[in-house]
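Each residue of the sequence shown is one higher than the one before, counting from 1 in full-length UniProt numbering.
By construction, the Cβ of each residue, glycine as well, lies at the ideal position given by its N, Cα and C atoms.
I have placed the structure first, in the form of structure tokens, so that the comments after it can refer back to it.
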Amino acid sequence: MSILSIVLIYSTTFNAQNLEGGAGTFKKQILFFIVGFFIYFLLSTFDLSWLQNTRILFIIYLITILFLVYVKFFTGEIASTNRWITILGFSIQPAEYAKITLTIVTAVIFSHHEEHYEKLVNWKEKKRRKSKYWQKKLAKVSNFLDKYLHNFYRYIFSFLVVLPIMVLVFIQPALGNSFLILLLWLSIVFASSNSQLKIINFIVPIILIPLEQWGIINANFLGENSILFMTIIFMFTGILALKSKLKWYLIIFAVVFSLAIKPFTIQLWESNVLKVYQKERIETFFEDPEKDPLDAGFQVRQSKIAIGAGQFFGRGYLQGTQSTLKVLPFAHTDFIFASLAEQFGMVGSLLLILIYLVLLVRIEQTAGKSKDEFAFLLATGVCIMLLLNIFINIGMNMGKLPVTGVPLPLVSYGGSSVIVNLTGLGLIQAARRRITIKDVSESFIPRSNPWT
Numbered sequence: 001m002s003i004l005s006i007v008l009i010y011s012t013t014f015n016a017q018n019l020e021g022g023a024g025t026f027k028k029q030i031l032f033f034i035v036g037f038f039i040y041f042l043l044s045t046f047d048l049s050w051l052q053n054t055r056i057l058f059i060i061y062l063i064t065i066l067f068l069v070y071v072k073f074f075t076g077e078i079a080s081t082n083r084w085i086t087i088l089g090f091s092i093q094p095a096e097y098a099k100i101t102l103t104i105v106t107a108v109i110f111s112h113h114e115e116h117y118e119k120l121v122n123w124k125e126k127k128r129r130k131s132k133y134w135q136k137k138l139a140k141v142s143n144f145l146d147k148y149l150h151n152f153y154r155y156i157f158s159f160l161v162v163l164p165i166m167v168l169v170f171i172q173p174a175l176g177n178s179f180l181i182l183l184l185w186l187s188i189v190f191a192s193s194n195s196q197l198k199i200i201n202f203i204v205p206i207i208l209i210p211l212e213q214w215g216i217i218n219a220n221f222l223g224e225n226s227i228l229f230m231t232i233i234f235m236f237t238g239i240l241a242l243k244s245k246l247k248w249y250l251i252i253f254a255v256v257f258s259l260a261i262k263p264f265t266i267q268l269w270e271s272n273v274l275k276v277y278q279k280e281r282i283e284t285f286f287e288d289p290e291k292d293p294l295d296a297g298f299q300v301r302q303s304k305i306a307i308g309a310g311q312f313f314g315r316g317y318l319q320g321t322q323s324t325l326k327v328l329p330f331a332h333t334d335f336i337f338a339s340l341a342e343q344f345g346m347v348g349s350l351l352l353i354l355i356y357l358v359l360l361v362r363i364e365q366t367a368g369k370s371k372d373e374f375a376f377l378l379a380t381g382v383c384i385m386l387l388l389n390i391f392i393n394i395g396m397n398m399g400k401l402p403v404t405g406v407p408l409p410l411v412s413y414g415g416s417s418v419i420v421n422l423t424g425l426g427l428i429q430a431a432r433r434r435i436t437i438k439d440v441s442e443s444f445i446p447r448s449n450p451w452t
């Protein structure tokens, strides 16, 4: 993918006359990959346990917060946003580094808290055995509360940790990255839960009912006032509730909450929280990019033209019109997938997706083989981080998702994106090496002969 990235960036910037057009990005991308691979090989030799050190973790988190504060309040605007810090001619995007920080911190929170909870339970159990009758009864109540308060506490604590990162990224403004950070946190929380079916059951009505109410899902063809659509939702959540043994009052709360948030979201939309261009991108996506092909829908329209022009085998390297002639904006960054499709066609696009699929499967295999909770959650988090970036970027290029500044991992131009992704893969390699060492060491453990 690194070779493909360099090849595509050259094809879209070789005739660039200025920095905005991408002049000089080809050489910079090569340098970014050199630095990124150095970090990758360095991290792959490390023991992951050092990341679980509270002091080191706090320093990483604090540095991330300070960078996000600095980029918002102490740097000049670039394209009406405060997203980059320029150092020695290179731009650093703290929001990208925030993703890997969030992944590490959340993985540590959910793995460490489980260990602390088990120690607490064991300590209380020892005290209970030495207690009197009424003290034993109180201990049982205490253990019951500890179980639920413990789960509640770690969810709240992890959310309070991620909230400053999400808010600071949102006010840059970077709506796409802030939404991606929220999804990343939710995904790691979901992966750490032992009641995943219950979480799905709780979330389904909260997502589907507002989508129908806002008109994003047009369910009028199902029946007058969408009664049938709502009935299907309730039946689906009811079946899930029976299957997962979720309390009915939680289902009722989810439905009421989803119906109640509509007026608040309307008020939020009409306020100045979102920038004008952000609203235009969302409105254009839900209405139709073709209605405004020369303004808000221009990027999506040109991207779809480039993808369609590539057909099956593509126009050939350096033969694209949309990508090489600067008709397609940001052809070397946000819309590099469209550049690939135009030059190498559907064959090249599917080959890239296949490479991504193999990479993600390998990461998930590492997560599945991990024998400790931290390595499992870390590998899962990196996998989800890559998957969300791939899904959002390709969806945006194809006009299936609103336009955001989310890069295509290891392909789009950008030092921050390259270094963060290779950092994540370096941590995965460290986890994989840890599994291999454990397997080898266990193979040398002498086993007793069952026949003697």
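Straight-line Cα distance separating residue j from residue i
| i | j | result |
| --- | --- | --- |
| isoleucine 171 | phenylalanine 313 | 42 Å |
| phenylalanine 33 | isoleucine 3 | 10 Å |
| serine 187 | leucine 19 | 37 Å |
| isoleucine 394 | phenylalanine 344 | 15 Å |
| phenylalanine 190 | lysine 326 | 42 Å |
| serine 339 | glycine 405 | 16 Å |
| glycine 426 | glutamine 29 | 19 Å |
| lysine 369 | leucine 387 | 20 Å |
| asparagine 177 | phenylalanine 157 | 22 Å |
| valine 35 | tryptophan 50 | 22 Å |
| glutamine 93 | valine 347 | 32 Å |
| leucine 351 | alanine 174 | 30 Å |
| phenylalanine 110 | arginine 55 | 17 Å |
| valine 7 | leucine 184 | 30 Å |
| asparagine 397 | threonine 321 | 16 Å |
| phenylalanine 335 | threonine 81 | 19 Å |
| methionine 1 | phenylalanine 58 | 33 Å |
| leucine 62 | serine 412 | 28 Å |
| serine 5 | tyrosine 155 | 38 Å |
| phenylalanine 90 | arginine 432 | 33 Å |
| tyrosine 153 | phenylalanine 159 | 10 Å |
| lysine 371 | leucine 328 | 47 Å |
Residue i versus the options, residue with shortest Cα-Cα distance
| i | options | result |
| --- | --- | --- |
| phenylalanine 26 | Gly414, Gln52 and Ala338 | Gly414 |
| residue 471 | Phe73, Tyr70 and Leu48 | Any answer about residue 471 is impossible in this case: the structure gives the chain only from 1 up to 452. |
| leucine 304 | Ala331, Thr64, Tyr317 and Gln319 | The question names leucine, yet the displayed sequence has lysine at residue 304. Of the listed residues, the one whose Cα sits closest to lysine 304 is Ala331. |
| leucine 422 | Ser44, Tyr10, Leu8 and Phe391 | Ser44 |
| lysine 72 | Leu62, Phe337, Trp84 and Tyr61 | Trp84 |
| glutamate 96 | Gly22, Gln17, Gly21 and Met166 | Met166 |
| tyrosine 10 | Leu318, Phe74 and Ala306 | Leu318 |
| serine 416 | Thr333, Phe74 and Leu401 | Thr333 |
| alanine 367 | Ile39, Arg154, Phe58 and Ser192 | Ser192 |
| proline 402 | Arg301, Gly22 and Pro409 | Arg301 |
| isoleucine 363 | Phe374, Glu373, Thr380 and Ser349 | Thr380 |
| tyrosine 70 | Leu57, Val108, Thr86 and Ile59 | Thr86 |
| isoleucine 307 | Tyr40, Gly297 and Ser349 | Ser349 |
| glutamate 342 | Lys371, Gln311, Val361 and Gln365 | Gln311 |
| isoleucine 392 | Arg154, Leu408 and Gln429 | Leu408 |
| lysine 400 | Leu182, Phe41 and Gln299 | Gln299 |
| asparagine 53 | Ala107, Val169 and Cys383 | Ala107 |
Coarse secondary structure for residue i, derived from DSSP in three states
| i | result |
| --- | --- |
| phenylalanine 14 | coil |
| serine 192 | helix |
| serine 5 | helix |
| phenylalanine 90 | strand |
| isoleucine 156 | helix |
| threonine 54 | helix |
| isoleucine 85 | strand |
| alanine 23 | coil |
| alanine 338 | helix |
| proline 329 | coil |
| arginine 433 | helix |
| leucine 318 | coil |
| isoleucine 104 | helix |
Status (buried if at least 16 other CB within 10 Å, exposed otherwise) for residue i
| i | result |
| --- | --- |
| leucine 378 | buried |
| valine 353 | The residue you asked about is not valine; residue 353 is isoleucine in the sequence shown. So isoleucine 353 ends up on the exposed side. |
| glycine 316 | exposed |
| leucine 359 | buried |
| glycine 24 | exposed |
| glutamate 77 | exposed |
| threonine 324 | buried |
| isoleucine 390 | buried |
| lysine 99 | buried |
| valine 356 | Looking at the sequence shown, residue 356 is not valine but tyrosine. Buried. |
| leucine 66 | exposed |
| phenylalanine 74 | exposed |
| valine 420 | buried |
| leucine 410 | buried |
Residue-chain proximity (residue i, chain C), Cβ-Cβ < 8 Å
| i | result |
| --- | --- |
| leucine 31 | Checking the listed chains, one finds no chain C in this structure; it contains a single protein chain. |
| query | What residue ranges within the stretch 350-430 form continuous alpha helix (DSSP H) runs of no fewer than 4 residues, ordered along the chain? | reply | 373-397
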